[in-house]
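Numbering (full-length UniProt numbering), first residue to last: 1 to 243. To start, the structure itself, in structure tokens.
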């Protein structure tokens, strides 16, 4: 199984559209949270049994920016500390999220004859290694595996065969991908729900789960936990309710 981690440079003009949250006062809140989540998810991908492919956006697919930094090098720096030196690192191709997803999955399945391709959203830091390592077992029964994030979107999508990816990222992405799979006569399975840090609800769920895992002496996504604390996200829903 190839585990694809799609990443963008952590620049506000590139990633702000991914967030629908009430940002705290910090001007770099989105960048800080993005960097932390990517590091945590990349570490899980690296620890999994899959072959990691970091799929980065470059000048061809990024919005216009006046930044002079090389997007490839910036994206590489996001994961350098947690992935092996020989990790695959390839640019995304396509003008829309659906096109980029489809191009990557279809190429790996058809041109490289990958047994399965698992695309993992880097903004789901609560994902566990078991969630990823369970995919190869699940695709023995179902050719499309979807990981719901609890908001109608997905944090994981795995395939053993291509589907029609045209407009496949139209919300709600979970049902859109499922419908595309049904139209292609692919069987569908699911992984456990994992929130993403893209919405206020996802932030709250992630912070609560981090607290719960700590209480149970279970591993937590350390970088994300620190970022939520530093940015004030971790405490904003703990105030006493109004009488």
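Backbone N, C-alpha and C define an ideal beta-carbon position, used for all residues, glycine too.
Through-space distance from residue j to residue i, alpha-carbon basis
{"i": "residue 183", "j": "residue 66", "result": "42 Å"}
{"i": "residue 130", "j": "residue 146", "result": "15 Å"}
{"i": "residue 59", "j": "residue 191", "result": "34 Å"}
{"i": "residue 141", "j": "residue 135", "result": "10 Å"}
{"i": "residue 103", "j": "residue 114", "result": "14 Å"}
{"i": "residue 96", "j": "residue 213", "result": "36 Å"}
{"i": "residue 138", "j": "residue 187", "result": "11 Å"}
{"i": "residue 92", "j": "residue 47", "result": "23 Å"}
{"i": "residue 64", "j": "residue 176", "result": "29 Å"}
{"i": "residue 62", "j": "residue 218", "result": "37 Å"}
Spatially closest choice to residue i from the options, by CA coordinates
{"i": "residue 228", "options": "215, 218, 210, 217", "result": "210"}
{"i": "residue 52", "options": "118, 123, 159", "result": "118"}
{"i": "residue 164", "options": "31, 179, 150, 153", "result": "179"}
{"i": "residue 78", "options": "91, 40, 207, 47", "result": "40"}
{"i": "residue 2", "options": "221, 133, 27, 13", "result": "133"}
{"i": "residue 110", "options": "174, 162, 44, 8", "result": "162"}
DSSP bridge partner residues for residue i (one or two, in chain order)
{"i": "residue 89", "result": "54"}
{"i": "residue 20", "result": "199"}
First and last residue of the uninterrupted alpha helix (DSSP H) at residue i
{"i": "residue 97", "result": "97–106"}
{"i": "residue 38", "result": "29–47"}
{"i": "residue 71", "result": "71–79"}
{"i": "residue 228", "result": "222–231"}
Boundaries of the beta strand (DSSP E) in which residue i is found, first to last residue
{"i": "residue 118", "result": "117–120"}
{"i": "residue 3", "result": "2–7"}
{"i": "residue 188", "result": "188–190"}
What are the uninterrupted segments assigned as beta strand (DSSP E) that are 3 or more residues long and contained completely in the stretch 138–176, given in chain order?
144–148, 154–159
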